[in-house]
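As given, the protein sequences belong to chains A and B, one line each in that order. Per the UniProt record's numbering, residue 1 is the first one in the first sequence, and the count goes up by one each step. Per the UniProt record's numbering, residue 1 is the first one in the second sequence, and the count goes up by one each step. A virtual CB, placed ideally from N, CA and C, is assigned to each residue, including glycine. These numbers were taken from a predicted model, which means no experiment stands behind them.
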Amino acid sequence: MAAAVELTCLERWLGLRGGRKYGAQGERQVPVLQTNNGLSLTGLTTIAAYLVKQANKEYLLGNTAEEKAIVQQWLEYRVTRIDGPCGKEEVRILLKDLNSYLEDKVYLTGYNFTLADVLLYYGLHRFIVDLTVQEKEKYLNVSRWFCHIQHYPGIRQHLSDVIFVKNRLYTNAH
Amino acid sequence: MRLFVSEGAPGSLPVLAAAGRAQGKAELLISTVGPEECVVPFLTRPKVPVLQLDNGNYLFSTTAICRYFFLLSGWEQDDLTNQWLEWEATELQPAVSAALYCLVVQGKKGEDVLGSVRRALTHIDHSLSRRSCPFLTGETESLADIVLWGALYPLLQDAAYLPEELGALHSWFQTLNSQEPCQQAVETVLKQHGILALRPYLQKQPQLSSPEGKLVSNDPEEEELATLSEEDIAMAVSAWEKGLGSLPTLRPQQNPVLPVAGERNVLITSALPYVNNVPHLGNIIGCVLSADVFARYSRLRQWNTLYLCGTDEYGTATETKAMEEGLTPQEICDKYYAIHASIYRWFNISFDTFGRTTTPQQTKITQDIFQRLYERGFVLQDTVEQLRCERCARFLADRFVEGVCPFCGYEEARGDQCDKCGKLINATELKKPQCKVCRSCPVVRSSRHLFLDLPKLEERLERWLEKTVPGSDWTPNARFIIRSWLRDGLKPRCITRDLKWGTPVPLEGFEDKVFYVWFDATIGYLSITANYTDQWEKWWKNPEQVDLYQFMAKDNVPFHGLVFPCTALGAEDNYTLVSHLIATEYLNYEDGKFSKSRGVGVFGDMAQDTGIPADIWRFYLLYIRPEGQDSAFSWTDLLLKNNSELLNNLGNFINRAGMFVSKFFGGCVPEMVLTSDDQRLLTHVTLELQHYHQLLEKARIRDALRSILTISRHGNQYIQVNEPWKRIKGNEADRQRAGTVTGMAVNIAALLSVMLQPYMPTVSATIQAQLQLSLPACSVLPTNFLCTLPAGHQIGTVSPLFQKLENDQIESLRQHFGGGQVKVSPKPAVEEAVTTAGSQQIQMLMDEVTKQGNIVRELKAQKADKNQIAAEVAKLLDLKKQLALAEGKPLEAPKGKKKK
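Okay, here's the thing in structure tokens:
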């Protein structure tokens with residue numbers, strides 16, 4: 001999903017009035033936003049954090065110092081790893097790591113839903129739709145988290161609903 | 001909270017510089033770890049620096065750690081900082097990494113280094129000067145400054161990489177450099193070695209290489225052609241033109257092979273396979289096959305090479321096996337030694353000698369080493385509690401005891417390890433122990449044993465490791481395993497056993513004991529060499545002249561990287577110690593493990609019966625060699641790789657090249673007039689060949705195989721684009737072009753045959769015979785691509801090299817060897833219930849139900865006594881239940897409130 005579309009989705013979910021126009025810069029088509037005060041902001045996560053503040057929903061950036069740092073860490077992960085070079089092997093490692101990270105967590109920060117969950121959901125969607133039933137089961141924690149986020153009111157929008165089977169089919173694999 | 005940093009890891013710079021901000025806000029411990037330490041449990045790849053928070057969570061992003069320190073000091077996040085940090089992560093980091101890789105690892109200078117990073121530097125300079133602020137986000141130094149400074153410092157500390165014209169950047173950088181926290185961070189991370197301190201770290205970061213330092217990729221479609229410089233092309237062309245004449249003279253074959261002063265002497269061992277079983281494919285790829293590829297490569301480089309291996313024959317497992325098969329241990333060893341030898345012969349393993357450990361030389365050398373250790377005070381005595389079977393009148397070694405696992409309750413846990421939970425067990429801790437031979441219950445008795453005093457040798461070991469490991473080709477897993485053993489501290493290890501089948505202990509009071517196999521198995525390499533030549537000490541007591549490569553699976557690393565070196569260092573006899581320890585990960589079978597007892601997987605002796613040639617097995621096993629991570633053998637993948645890579649790519653190319661020479665030019669290599677396109681191809685092939693050399697010199701065997709397939713893909717494309725089969729029918733110029741293309745192609749085929757030799761020796765020899773390649777060209781692999789089949793060379797008869805594997809053939813092999821696919825279908829449990837009740841009985845019950853139903857209805861209609869109705873209803877329900885059971889139907893839920 002192009003960055004501009006993703007940011008528009010985010011605006012809508014945050015309940016912001018639309019009308020913002022996003023430019024794109026360089027080979028990677030990094031999004032640029034001209035803000036009202038004449039400044040321009042560059043970068044997906046930078047703009048996303050700005051929008052969250054515009055909507056007065058700062059809690060989505062984390063409540064404590066620790067949570068704030070964790071949110072930003074996963075936003076960085078989104079733009080460097082998930083949007084980075086993604087061969088088969090890279091995707092496998094990415095999902096494997098995320099799966100073991102999420103083993104004891106409901107959301108990326110632990111117990112609180114944040115912007116990191118939204119942007120990772122948008123970023124991972126293209127990989128998750130292509131997973132086989134067996135792979136979804138292999139990355140059980142990622143599947144649980146993803147399924148949870150996609151049913152969070154207003155998040156999914158135009159993206160396809162990814163189906164997860166509830167019964168385990170490959171119990172022997174574990 | 002605890003901060004993990006690493007010397008030589010660039011990310012440690014900003015983190016340490018920012019750490020001061022957290023002072024007084026939280027307690028911060030700093031630990032220094034190796035750059036490859038896996039600190040974060042959920043990340044596959046090593047990552048430093050890392051901050052472990054008090055709640056156990058981890059921050060593994062350098063920027064996030066710095067941000068956290070700033071947040072603790074009361075700093076508030078802002079858009080401008082976010083923007084700088086996002087830019088740093090996505091734009092600056094990749095550029096700086098590429099530049100550092102170029103500078104530190106590849107040793108390039110000047111514009112080669114600066115090129116990739118110049119745009120980013122200019123961007124910072126412009127931002128600083130446009131806003132006319134001294135710092136990135138305002139009047140005071142803040143988070144963005146520290147993070148960017150940390151990223152840039154390694155490069156910009158050398159004034160050559162800080163362009164003069166970028167004045168604003170210059171003064172910003174100098175201001176930060178003069179700050180106390182920054183200076184301290186530099187001191188800690190770079191240790192006054194300057195940028196070279198980063199070298200070990202950068203070398204292990206393949207993803208950081210610049211676009212032209214290419215990566216080995218698994219997917220052919222991702223291959224990108226490197227950009228070629230004029231110099232590359234000129235060098236490749238001039239090497240090509242020198243041709244056969246530039247090959248070195250062949251080394252005469254020696255027997256026995258002995259080290260030669262002034263030459264590169266390579267001693268190669270592969271872990272000694274244990275004699276009590278037939279090796280499976282995982283064993284074969286882990287040691288003998290990997291070492292074989294390296295040995296063959298080493299000989300192709302004309303290095304003076306000795307490759308040895310043998311069976312490890314002493315120990316409990318042999319005694320157990322002997323008992324199982326009703327033979328003596330010696331008979332078992334003789335039987336299995338022959339099986340091993342014949343399997344390796346079939347796989348074409350090029351041992352110079354394949355020996356065994358049950359020889360007089362083994363006793364002599366082991367006892368000598370022991371005596372030296374004993375005299376020097378490195379052997380301790382202690383009493384050990386052990387299980388003894390009174391009926392068999394002997395102490396029971398770990399594998400002779402079975403019982404209930406004290407951890408998980410598994411019934412058949414062995415005396416040393418539980419197969420179910422995998423935990424290591426002390427035999428005396430087993431619940432309900434049983435002697436495996438007579439099934440009686442053993443008693444605990446004490447027995448005197450000898451111990452190797454490893455703690456006393458630890459310091460020598462560390463000194464040796466420090467000297468040996470950095471800059472060597474030890475695989476990362478081997479380094480990691482050794483480091484973790486050292487971190488936990490070495491403990492004395494028992495080196496004797498109450499057994500008969502082993503090397504006798506030459507000490508009074510220990511006559512009825514033998515050495516524990518792990519103590520003398522590694523000495524087997526020495527004794528096997530001693531049986532090969534009486535001048536064995538020229539190899540094994542000659543560390544200055546001999547380069548020792550040891551190949552094994554990772555479970556063997558502690559014995560080769562730690563226990564044997566300690567033994568040898570303690571014996572003080574100038575032993576040759578391992579220079580390069582090459583350890584593989586594990587190979588799985590389909591979706592699980594190889595298991596002899598369950599008959600799952602392919603074992604060495606069965607591979608021959610599949611009808612698939614040894615070279616195909618070699619190719620596939622090497623293609624999936626568990627290099628860097630576990631991998632799995634899969635029948636479907638074997639079929640796929642054979643049909644796509646061997647048949648359609650490599651085989652197709654070599655066959656076409658040869659066929660064109662035979663068909664269009666009467667078997668005589670035509671004149672070649674190289675155009676610039678041909679020169680470019682020549683250069684690409686040369687670069688790929690050099691890449692192959694770089695990889696194999698580091699024993700990256702699987703990766704180097706990809707280079708062969710890449711060259712052959714280049715070749716196929718070249719033929720496809722130039723269409724010699726059409727041009728041969730054209731005018732004079734076209735025919736000349738067809739000749740050049742054919743000549744180039746067949747020369748590439750000749751090169752491939754030599755590159756392929758370590759991997760597929762039989763196929764390689766077949767190609768060389770078809771092409772009539774001269775002996776020197778077959779025996780040496782130079783670093784450049786030479787014209788080894790000059791115009792006028794007559795080739796032999798060309799025929800196809802590979803056969804297609806068919807689906808049904810592979811499917812039947814999979815069934816035969818037991819794969820993840822075959823499963824027992826669940827029993828139809830429901831039907832059984834139905835057949836228990838006869839139809840007569842069902843009819844009877846149905847009548848009863850109808851009758852009783854009528855009674856109930858009547859009573860209700862008469863408004864009879866409630867209790868009476870209830871009693872009849874209960875009867876009715878009971879009858880219905882019986883009926884349902886007889887019919888095998890699920891019971892109907894009682895009406896009314898439903899619970900779910």
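- According to the DSSP assignment, Tyr59 (chain A) belongs to no alpha helix (DSSP H), since it is labelled neither H nor E.
- Per DSSP, reduced to three states, the secondary structure at Phe4 (chain B) is strand.
- With respect to the 8 Å criterion, Pro49 (chain B) and Gly150 (chain B) are not classified as neighbours on the basis of their beta carbons.
- Restricting attention to alpha helix (DSSP H) runs no shorter than 4 residues, the region 264 to 315 of chain B encloses them at 281 to 284, 290 to 300, ordered along the chain.
- Distance from the CA of Ile855 (chain B) to the CA of Lys136 (chain A), rounded to the nearest whole angstrom, comes to 58 Å.
- DSSP, read as helix, strand or coil, puts Met552 (chain B) in strand.
- Residues of the region 54 to 88 of chain B with a Cβ closer than 8 Å to any Cβ of chain A, in chain order: Asn55, Asn57, Leu59, Phe60, Ser61, Thr63, Ala64, Ile65, Arg67, Tyr68, Leu71, Leu72, Gln77, Asp79, Asn82, Gln83, Leu85, Glu86, Trp87.
- Secondary structure note for Val746 (chain B): its alpha helix (DSSP H) is the uninterrupted segment 732 to 756.
- The C-alpha of Thr353 (chain B) lies about 43 Å from the C-alpha of Val404 (chain B).
- Assigned with DSSP and collapsed to three states, Glu402 (chain B) falls in strand.
- Spatial neighbours of Leu75 (chain A) in its own chain (CB-CB distance under 8 Å, excluding positions within 5 residues in sequence) are listed in chain order as Thr45, Ala48, Ala49, Leu115, Ala116, Leu119.
- Residue pairing by DSSP puts Arg414 (chain B) in a beta bridge opposite B:Glu402.
- Under the 8 Å criterion on CB atoms, Thr42 (chain A) is classed as interfacial with respect to chain B.
- In this structure the region 57 to 66 of chain B lies against the region 138 to 147 of chain B, because at least three pairs of beta carbons, one per stretch, are closer than 8 Å.
- Within the region 555 to 638 of chain B, the beta strand (DSSP E) runs of at least 3 residues that lie entirely inside it are, in chain order, 580 to 584, 587 to 589, 631 to 633.
- When rounded, the separation of the alpha-carbon atoms in Leu454 (chain B) and Gln690 (chain B) is 43 Å.
- For Cys9 (chain A), the enclosing alpha helix (DSSP H) stretches over residues 3 to 14.
- What Tyr50 (chain A) touches in chain B, judged by beta-carbon distance under 7 Å, is Asp79, going in chain order.
- Thr44 (chain B) has a beta carbon lying within less than 8 Å of a beta carbon in chain A.
- Assigned with DSSP and collapsed to three states, Val379 (chain B) falls in strand.
- Within 10 angstroms of the beta-carbon of Gln93 (chain B) lie 16 or more other beta-carbons, which makes it buried.
- In the structure shown, the three-state DSSP call for Asp419 (chain B) is coil.
- Nearest to Lys109 (chain B) by alpha-carbon distance, out of B:Ser129, B:Ala160, B:Thr140, is B:Ala160.
- For Glu572 (chain B), the closest of B:Glu375, B:Ile767, B:Glu697 by C-alpha to C-alpha distance is B:Glu375.
- Around Val746 (chain B), the same chain offers Ala657, Gly658, Phe660, Val661, Val669, Leu771, Leu789, Ile795 as residues with beta carbons nearer than 8 Å, after the five sequence neighbours per side are excluded.
- The beta-carbon of Thr132 (chain A) is placed no less than 8 Å from the nearest beta-carbon of chain B.
- Note on the UniProt domain "GST C-terminal" (50 to 173) of chain A: whole alpha helix (DSSP H) runs with a minimum of 4 residues are 65 to 77, 88 to 101, 115 to 128, 133 to 138, 140 to 150, in chain order.
- Thr46 (chain A) carries a helical assignment under DSSP once its states are collapsed to helix, strand and coil.
- Residue A:Leu33 holds the alpha-carbon nearest to the alpha-carbon of Arg20 (chain A) among A:Arg28, A:Leu33, A:Trp13.
- Counting only the Cα atoms, Lys138 (chain A) lies some 12 Å from Val165 (chain A).
- For Glu76 (chain A), the neighbours in chain B by C-beta distance under 7 Å run, in chain order, Ser61, Thr63, Ala64, Ala89.
- Around the beta carbon of Leu29 (chain B), fewer than 16 other beta carbons lie within 10 angstroms, which makes this residue exposed.
- Spanning the alpha carbons of Asp520 (chain B) and Arg700 (chain B) requires a straight line of approximately 29 Å.
- Going by C-alpha positions, Glu390 (chain B) is about 43 Å away from Ile285 (chain B).
- Lys513 (chain B) counts as buried, since no fewer than 16 other beta carbons sit within 10 angstroms of its beta carbon.
- Per the coordinates, the alpha-carbon of Ile654 (chain B) lies some 17 Å from the alpha-carbon of His793 (chain B).
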